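**Student:** Each residue of the sequence shown is one higher than the one before, starting from 729 at the first, in the working numbering.
Just so it is clear, CB atoms sit at the ideal spot from N, CA and C, and this is done for glycine as well.
All figures in this text were calculated on a predicted structure; none of them were measured in a lab.
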Amino acid sequence: MDFEFDAQTNEMREMIGEFARNKLAGPGVFDPCEFRRRWRLAGEQGALGTVVPGEYGGLGKGAVTAAAIMEALGHGCTDTGFVFSLGAHVFACLTPIVEFGTEEQKRHWLPPLCSGERIAAHGITEPEAGSDTLSMRTRAERRGDVYVLNGEKSFTTNSPVADVFVVQAVTRPGGGCFGLTTFVVEAGTPGLTVGRRYEKVGLRGSPTADLRFDDCEVPASRTLGPEGGGFGIFRTSMAWERTCLFALYLGVMRRVLETSIAYAGERRQFGAAIGDFQAVSHRIVDMALRLEAARLMLYRAAWGLDRGSTDEVSPALAKLAVSEAAVRAGLDAVQIQGGLGILNGEAETALRDALPARIFSGTNEIQKNNIARALGLGGTTRPRSHPSRRGEKWK
Ligand SMILES: Cc1cc2nc3c(=O)[nH]c(=O)nc-3n(C[C@H](O)[C@H](O)[C@H](O)COP(=O)(O)OP(=O)(O)OC[C@H]3O[C@@H](n4cnc5c(N)ncnc54)[C@H](O)[C@@H]3O)c2cc1C
729 MDFEFDAQTN EMREMIGEFA RNKLAGPGVF DPCEFRRRWR LAGEQGALGT VVPGEYGGLG
789 KGAVTAAAIM EALGHGCTDT GFVFSLGAHV FACLTPIVEF GTEEQKRHWL PPLCSGERIA
849 AHGITEPEAG SDTLSMRTRA ERRGDVYVLN GEKSFTTNSP VADVFVVQAV TRPGGGCFGL
909 TTFVVEAGTP GLTVGRRYEK VGLRGSPTAD LRFDDCEVPA SRTLGPEGGG FGIFRTSMAW
969 ERTCLFALYL GVMRRVLETS IAYAGERRQF GAAIGDFQAV SHRIVDMALR LEAARLMLYR
1029 AAWGLDRGST DEVSPALAKL AVSEAAVRAG LDAVQIQGGL GILNGEAETA LRDALPARIF
1089 SGTNEIQKNN IARALGLGGT TRPRSHPSRR GEKWK
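This is how it looks when you write it as structure tokens:
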């Protein structure tokens, strides 16, 4: 085991952290021109192509380095919504193209998506199909050289500004896991409409909207992977998202912890710094404890991805630990600052930005269902005894 980053990853973390602090600072509200300006800067810095091989314009790094870069972005950039948008682009849209695209598709799509020239969005969720993704209704029917898409997507991150959409649709109704196919659809394709931008409680710097497909013709050459392979692609991108994207919250938690320690040292009541009161100092210790535990789980999952692991439990555990710790860190930061904590500022923003993390990338309840199944519970898989009783590791 090695708990150190390599020298190059350390150098990149430093560089990206400084870049995020100096160049990505934003008010945390969405402005399309400002969003695109910062997006291009992030592209120039390499932050949009972390896991894309060099020949397609990326940095060619693995999951551990990609997570370290996301952590540095989350720490340095106070507009967590912007960093979330960037993570959704890289891990839900670019990784599927890297892993499942043909050579021609990679050469066509990846360079402008790495450079910051273009922005991608990923659509699987629908108004009637959230956690139950396989009940989706968006249909893709083959007619000669094209597929005709009809249906709706909801909660599509980046869609108000996206140039490219990675979309899941049903090609075989009733086909379950084998009934979905992934399409790459260009913005401006006739029949594709993007709805109004949502007003969200958190991650306000990240634009989100619905999509509508009305007889939208997509060339058959724009399918990603084989027909019927969509669910496998979705699972792969979720493993990356649940691991690397969530690293941004490690950075946010570290920033909030630093601010909380500083505040507890400065604010005086009853003739002493509030950090001298055990109730306050222990709260801060608990923040550090949850952050460190979540961080270890997340890098453990990233380490597995770099070794080609298909284990879905480690990313699910990482997602659970990081998102729950982030919500608690937001609540703790508010409490430590007393009345000031509920005024506009870092603490309340951290809390609002953390709340969606328990929902996107599969809700925390769904992660627990999946982990329970891996433990032999939940009914749909063969019952197994607890691995610890059999001296086995989880698979
Ligand atoms: C900020 C944000 C960004 C997002 N970005 C994207 C995106 O880019 N692309 C995309 O496709 N989607 C995106 N989503 C959508 C997200 O993936 C869904 O919101 C999520 O999967 C949950 O679906 P739902 O909202 O329909 O909730 P529902 O599935 O309706 O769930 C409601 C509640 O019921 C619980 N529940 C449901 N089924 C079960 C069960 N079997 N067992 C236990 N509890 C259950 C859930 O855990 C939840 O608490 C985003 C969401 C958010 C908040």
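1) Just the residues with CB closer than 6 Å to a heavy atom of ligand 1, in chain order, which are they?
2) I'd like the list of long-range same chain contacts for residue 1024, defined as Cβ closer than 6 Å, with 5 residues on each side in sequence excluded.
3) Please report how far the alpha carbon of residue 860 lies from the alpha carbon of residue 813, in whole angstroms.
4) Among residues of its own chain, excluding the 5 on either side of residue 751, which ones have a beta-carbon nearer than 6 Å to its beta-carbon?
5) Among 959, 1008, 881, 1044, which one has its Cα closest to the Cα of residue 1125?
6) Between which residues of its own chain and residue 1002 is the CB-CB distance below 6 Å, once the five residues before and five after are set aside?
7) Of all the options 1061, 1096, 967, which has the alpha carbon lying nearest to the alpha carbon of residue 1039?
8) Using the rule of at least 16 other Cβ atoms within 10 Å of the residue's Cβ for burial, across every protein chain shown, is residue 1095 buried or exposed?
9) Thinking C-beta only, is residue 1019 closer than 8 Å to residue 976?
10) Give me the DSSP bridge partner(s) of residue 936.
11) So, at 6 Å on beta carbons, what are the nonlocal neighbours of residue 1048 in its own chain, with the 5 sequence-adjacent residues on each side left out?
12) From the DSSP secondary-structure annotation, give me the bridge partner or partners of residue 908.
13) Compute the distance between the beta-carbons of residue 881 and residue 895, then report whether it is under 8 Å.
14) How about residue 777 and residue 786: do their beta carbons lie closer than 8 Å?
15) Helix, strand or coil: how does DSSP classify residue 942 here?
16) Give a yes or no on whether the C-beta atoms belonging to residue 899 and residue 868 are separated by under 8 Å.
17) How is residue 1001 classed by DSSP in three states: helix, strand or coil?
18) Comparing C-alpha positions only, which one of 1066, 949, 971, 1063 sits nearest to residue 871?
19) Between which residues of its own chain and residue 1083 is the CB-CB distance below 7 Å, once the five residues before and five after are set aside?
20) Pop quiz: residue 934 and residue 747 are said to be a contact at Cβ under 8 Å. What is the actual Cβ separation, rounded to whole angstroms?
21) With 16 other CB atoms within 10 Å as the buried threshold, where does residue 854 fall?
22) So residue 850 is in the beta strand (DSSP E); what residue range does that whole segment cover?
23) Under a three-way DSSP split, which group does residue 1050 fall into?
24) In the DSSP output, what is residue 878 paired with across the bridge?
25) When the Cα atoms are used, what is the spatial distance from residue 892 to residue 857?
26) Considering just the uninterrupted stretch of the beta strand (DSSP E) at residue 922, what are its terminal residues?
27) Quick check on this structure: which residue in 1046, 1076, 1079, 1087 has the alpha carbon closest to the alpha carbon of residue 1099?
28) Considering only the beta carbon of each residue, do residue 852 and residue 767 sit closer than 8 Å?
29) Distance, Cα to Cα, residue 1104 vs residue 759?
30) Near residue 1106, which residues of its chain fall below 8 Å by C-beta distance, leaving aside the five closest residues on each side in sequence?
31) Residues in its own chain within less than 7 Å of residue 773 by CB, not counting five upstream and five downstream?
32) Give the straight-line distance between the Cα atoms of residue 836 and residue 874, rounded to the nearest whole angstrom.
33) So which of 843, 780, 1089, 792 has the shortest CA-CA distance to residue 765?
34) Take the Cβ of residue 1010 as the centre, count every other Cβ of all protein chains shown within 10 Å, and call the residue buried at 16 or more, exposed below.
35) Along the alpha helix (DSSP H) that carries residue 751, what are the first and last residues, could you check?
**Tutor:** The answer reads as follows:
1) 816, 850, 851, 852, 853, 858, 859, 883, 884, 885, 931, 936, 1084, 1087, 1088, 1090, 1091, 1093, 1094, 1097
2) none
3) 23 Å
4) 769
5) Since the displayed the chain opens at 729 and closes at 1123, residue 1125 lies outside it and no answer follows.
6) 992, 995, 1008
7) 967
8) buried
9) no
10) 885
11) 1092, 1095
12) 898
13) yes
14) yes
15) strand
16) yes
17) strand
18) 949
19) 929, 930, 1055
20) With a Cβ gap of about 19 Å, residue 934 and residue 747 do not count as contacting.
21) buried
22) 848-851
23) helix
24) 867
25) 22 Å
26) 920-922
27) 1046
28) no
29) 47 Å
30) 1097, 1100
31) 744, 747
32) 19 Å
33) 843
34) exposed
35) 735-751
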